[in-house]
Amino acid sequence: MFLAEVVNVAEKSVEKAEEASSGFIIHHVMDNYKLFGVFPMPRIHLFGIDFSITNHVGFLFIAAIIVFILFSRMAKAYQKSLVPSGFNNLLEILVVFIRDDVVKPTLGEGYEKFLPYLLTVFFFILTANLLGLVPYGSTATGDIAVTAGLATISFIVIQAAGMIKNGVFGFFKGLIPHGIPVWITPIMFIIEILGIFTKPFALAIRLFANMTAGHVVIFSLIGLIFILHTLWVSPVSVGFALFIYLLEILVAFIQAYIFTILTSLFIGMAVHQEH
Amino acid sequence: MDWAYLAAGIGAGLVVIGGGLGIGKLASSAMEATGRQPEATNDIRTSMIIAAALIEGISLFGLVITILLALK
Chain A
281 MFLAEVVNVA EKSVEKAEEA SSGFIIHHVM DNYKLFGVFP MPRIHLFGID
331 FSITNHVGFL FIAAIIVFIL FSRMAKAYQK SLVPSGFNNL LEILVVFIRD
381 DVVKPTLGEG YEKFLPYLLT VFFFILTANL LGLVPYGSTA TGDIAVTAGL
431 ATISFIVIQA AGMIKNGVFG FFKGLIPHGI PVWITPIMFI IEILGIFTKP
481 FALAIRLFAN MTAGHVVIFS LIGLIFILHT LWVSPVSVGF ALFIYLLEIL
531 VAFIQAYIFT ILTSLFIGMA VHQEH
Chain B
4 MDWAYLAAGI GAGLVVIGGG LGIGKLASSA MEATGRQPEA TNDIRTSMII
54 AAALIEGISL FGLVITILLA LK
């Protein structure tokens, strides 16, 4: 599969780049087999697939545990009183923002069924992105495998929603818009089928590239001090790196928001197929 | 002769030109629209951020390919 080839090339280039001066950057941005870069973790090989707990997998677990703890406590607090207090205030602002300004306008009717999945996607991606900005943290979403997994789950949700609502045959029939000449229909059909696959692929690549690019820029700016072997470039370097760091926080929020709103838009387009 | 590095450098520059032009045009029309009708600022800002993220997604496609070229 194409993804396996991409990962293969990336792994081979990791070994080659270790000798180059960019080895430092590559080593810190890509996955490695030690948690936090320090503790060696067990390697598990099952059925020829590598299931070992790597750095990114560990941070995926940490993000999942954080999201689970925060929201189970919030749900329990809602049983006592409808008015939240403390940190639940902040989470309620975000949840209501997603429900009213992201899911309801783009999905249309019947949005309550998809709200749990979309809220989970938003908060999980946000937590994973923000954990990558903490010192000694690594971005779990800066791995093509993680974002491809999230995009695959979104793909399954979109297709299942469309097929359950419209029937399998009706879904494919509804892909072609009305009011077009008859002889264009085969081409439109092929284009729409291609579109079904390219949209989640773009979701995966967008999230992966945005998260990785920011970290590579920060490492490159700081690495400029070492490449030029001089200390006088450090005020400029650190200043720029700080600016890019703050931009990265903004990009973390924006990318989680974009993933959620695009998934909800695609679900809306699949469920309400009137063009 | 390692042409791959040259290609990666030129490619990255072209990607930046394309992304910068696209998002610059988008921001300019967003500013104009906000100046014309300040009550719609929130809607315009939301649409601008969505469109900017989509354009940036495409430019990052190109960036991923140049990174693969430079590392091969």
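Order-wise, the sequence lines are chains A and B.
Residue 281 is where the first sequence starts when you use my numbering, and the numbers rise one by one after that.
Residue 4 is where the second sequence starts when you use my numbering, and the numbers rise one by one after that.
For every residue, glycine included, the Cβ atom is placed at its ideal position computed from N, Cα and C.
Quick caveat, the model's predicted, so the values are computed rather than measured.
- Across the stretch 431-457 of chain A, no CB contact with chain B closer than 9 Å is found for any residue.
- Assignment of beta-bridge partners to F319 of chain A by DSSP yields A:L315.
- By alpha-carbon distance to L483 of chain A, the top candidate from A:I424, A:E554, A:I305, A:V513 is A:I424.
- The DSSP assignment places complete alpha helix (DSSP H) segments of no fewer than 4 residues inside the stretch 377-450 of chain A at 384-387, 395-411, 424-446, in order along the chain.
- Contact check for F331 of chain A against I324 of chain A passes: the beta carbons are separated by less than 8 Å.
- DSSP links L326 of chain A through a beta bridge to A:I329.
- Around the Cβ of H458 of chain A, a 10 Å sphere holds fewer than 16 other Cβ atoms; the residue is exposed.
- Distance check between D380 of chain A and each of A:P364, A:L398, A:F367, A:S365 places A:L398 closest, using alpha-carbon atoms only.
- For L530 of chain A, the enclosing alpha helix (DSSP H) covers residues 514-551.
- Interface criterion not met: the Cβ of A425 of chain A is under 8 Å from no Cβ in chain B.
- Under the Cβ distance rule, L66 of chain B counts among the residues neighbouring chain A, one pair being separated by less than 8 Å.
- Straight across, the Cα-Cα distance linking F64 of chain B with T421 of chain A is about 16 Å.
- Among the CB atoms of chain A, one or more fall inside 8 Å of the CB of L63 of chain B.
- Below 8 Å, enough C-beta pairs join the stretch 493-508 of chain A and the stretch 525-537 of chain A to call them touching: three or more.
- Excluding five sequence positions before and after I524 of chain A, the CB atoms of its chain that fall closer than 6 Å to its own CB belong to V497, I498, given in chain order.
- Spanning the alpha carbons of N369 of chain A and A408 of chain A requires a straight line of approximately 21 Å.
- According to the DSSP assignment, L63 of chain B belongs to the alpha helix (DSSP H) that extends over 44-74.
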